[in-house]
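Below is one structure; the comments refer to it alone.
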Amino acid sequence: MAAPQTREVSGDAGGLATLLKAALPSLPVVGQLPGIKKASGADFAGLSFSRPPVTVERGHVERYAAVCGFPVKDTVPLPYPHMLAFPLHMALMSDPAFPAPAIGTVHLENSITQHRPVRIGESLAVTVAVDPARPHAKGTVFDFRTTVTADDETVWEETSAYLRRGKGDESAPAGATFPDAPAGGTVWSLPGDLGRTYAAVSGDHNPIHLYPLTAKALGFPRQIAHGMWTLARCTAALENRLGDAVRVDVAFKKPVLLPGKVAFGSRPLDDGYAFSLSNPRTGAPHLAGRTTDL
């Protein structure tokens, strides 16, 4: 097995050209061409990408805050550094060395650790690494681990678990479980263009989030909300109760169809909050999560 690879990529690696490149391995015939065909998972030893230091810009932070429901501050919303890591996620997934096509890979779970708030104007170094797949009952999971540093201080970390459906391992560990947080009286009405609005800020233009036709082409009845938007919106609802050092863990359940309504619930724990997002009519879960004070 080869040694893990480490590369540096530009900050625009998550653009439309990368999205197109990410889709090509899923196409019949085209996906088998040299330079497009994915490598064997048995030979994948891991991959790590970094980007040149990036300065946190107030204008972009405020646009993100407006879409996700955060107040305007001199520090960034807790999930915001994911915006800086997402181009690296896409670059990794679209690289021929990564064994799974990006299209059809499902964002299963996410864990964010904020060691301290990130200030607007700070210069941040961002690295994302992915290891060989681990077994799952419904296929295999790739963990994308993000590290964000400022002046060599680790200020923010994230693990994004992506599931590639296939032959699973029934003996594999089950996914994360969370304390119950029944829906309260808070219901959010989500517009049909939410996916396009969030895509304009995040750079995540996956067609399942954009229009009914593009979502239907990939098996959904209509467009769905981004999982990272649902995480951000729930975090925004708890924002004034979270400390400077905190971890947020979530599991993404059923997709949120747009337009639509979702019910938010939360309750205090000894060391944080449990929270949930669900269908207000049927109770079907969309997201389960918790915060933990550090």
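According to our numbering, the sequence shown is numbered sequentially starting from 14.
C-beta atoms are modelled at their ideal positions from N, C-alpha and C, and glycine is treated no differently.
*Going along the chain, which residues of its own chain have a beta-carbon closer than 6 Å to the beta-carbon of Pro268, five neighbours each way excluded?*
In the sequence shown, the residue the question calls residue 268 occupies position 255. In its chain, beyond the 5 residues on either side, Ile237 have a beta carbon closer than 6 Å to the beta carbon of Pro268.
*Does the region 280 to 287 come close enough to the region 213 to 222 to have 3 or more Cβ pairs within less than 8 Å?*
Cβ pair count under 8 Å is below three, so no.
*In angstroms, rounded to a whole number, what distance separates the CA positions of Thr304 and Ala194?*
Locating residue 304 in the sequence shown gives position 291, where the first residue counts as 1. Locating residue 194 in the sequence shown gives position 181, where the first residue counts as 1. C-alpha separation (whole angstroms): 12 Å.
_the ligand SAM heavy atom lying under 7 Å from the CB of Pro90_ = Of ligands this structure carries none, so the ligand SAM is not represented either.
_My output table needs one value for His218: the three-state DSSP class, helix, strand or coil._
To locate residue 218, count along the sequence shown from 1; it is residue 205. His218: coil per DSSP, three-state reduction.
*Determine the extent of the beta strand (DSSP E) in which Ser279 is found, giving its start and end residues.*
As a position in the sequence shown, residue 279 is number 266, starting the count at 1. Counting along the chain, the beta strand (DSSP E) containing Ser279 begins and ends at Gly273 to Leu282.
*Could you pull out every residue in the same chain whose Cβ sits closer than 6 Å to the Cβ of Arg71, ignoring the five residues on either side in sequence?*
Indexing the sequence shown from 1 puts residue 71 at position 58. The beta carbon of Arg71 is closer than 6 Å to those of Ile133 in its chain, skipping five residues each way along the sequence.
*Sort Pro65, Val139 and Asp144 by Cα distance to Glu166 and report the nearest one.*
As a working note, residue 166 is residue 153 in the sequence shown. Closest by alpha carbon: Val139.
*What do you reckon, are the CB atoms on Thr243 and Leu300 nearer than 8 Å?*
Position 230 of the sequence shown holds residue 243. Position 287 of the sequence shown holds residue 300. Going by C-beta atoms, Thr243 is nearer than 8 Å to Leu300.
_Straight-line gap, Glu183 to His149 (C-alpha atoms, nearest Å)_ = As a first step, residue 183 must be located in the sequence shown, where it is residue number 170. As a first step, residue 149 must be located in the sequence shown, where it is residue number 136. Answer to the nearest angstrom: the Cα atoms are 7 Å apart.
*Distance, Cα to Cα, Ala163 vs Val143?*
In the sequence shown, residue 163 corresponds to position 150, counting from 1. In the sequence shown, residue 143 corresponds to position 130, counting from 1. The straight-line gap from Cα to Cα measures roughly 22 Å.
_Ala258 and Phe83 - do their beta-carbons sit closer together than 8 Å?_
In the sequence shown, the residue the question calls residue 83 occupies position 70. In the sequence shown, the residue the question calls residue 258 occupies position 245. Taking 8 Å as the Cβ cut-off, Phe83 and Ala258 do not qualify as a contacting pair.
_Within the continuous alpha helix (DSSP H) that includes Glu170, where are the two ends?_
Position 157 of the sequence shown, counting from 1, holds the residue named residue 170. Looking at the DSSP string, Glu170 is not in any alpha helix (DSSP H); the run it does join, the beta strand (DSSP E), is Glu166 to Arg178.
*Hey, could you find the ends of the alpha helix (DSSP H) His120 is sitting in?*
Taking the sequence shown and counting its residues from 1, one reaches residue 120 at position 107. First-last for His120: Thr118 to Gln127, but that is the beta strand (DSSP E), not the alpha helix (DSSP H).
*Around the C-beta of Gly208, are 16 or more other C-beta atoms found within 10 angstroms, so that it is buried, or is it exposed?*
Within the sequence shown, residue 208 is the residue found at index 195, counting from 1. So Gly208 counts as buried.
*Among residues of its own chain, excluding the 5 on either side of Glu170, which ones have a beta-carbon nearer than 8 Å to its beta-carbon?*
Here residue 170 refers to the residue found at position 157 when the sequence shown is read from its first residue. The answer, listed in chain order, is Ile125, Thr126, His128, Arg158, Thr159, Thr160 and Val161.
*Going by other Cβ atoms of all chains shown within 10 Å of its Cβ, with 16 needed for buried, is Gly152 buried or exposed?*
As a position in the sequence shown, residue 152 is number 139, starting the count at 1. It is buried - the Cβ of Gly152 has at least 16 other Cβ atoms within 10 Å.
*asked:* If I measure Cβ to Cβ from Gly273 and keep anything under 6 Å in the same chain, skipping five residues before and after, which residues do I get?
replied: Working through the sequence shown from its first residue, we reach residue 273 at position 260. Cβ within range, chain order: Leu203.
_Please report the distance separating the alpha-carbon of Lys180 from that of Val154._
Start at 1 with the first residue of the sequence shown, and residue 180 comes out as number 167. Start at 1 with the first residue of the sequence shown, and residue 154 comes out as number 141. So the alpha carbons of these two residues sit roughly 12 Å apart.
*For Leu46, which residues from the same chain have a beta carbon less than 6 Å from its beta carbon, with the 5 sequence-adjacent residues on both sides left out?*
Position 33 of the sequence shown holds residue 46. For Leu46, the pLDDT reaches just 47, beneath the cut-off of 50, and the residue's location in the model is therefore unreliable, leaving the point undetermined.
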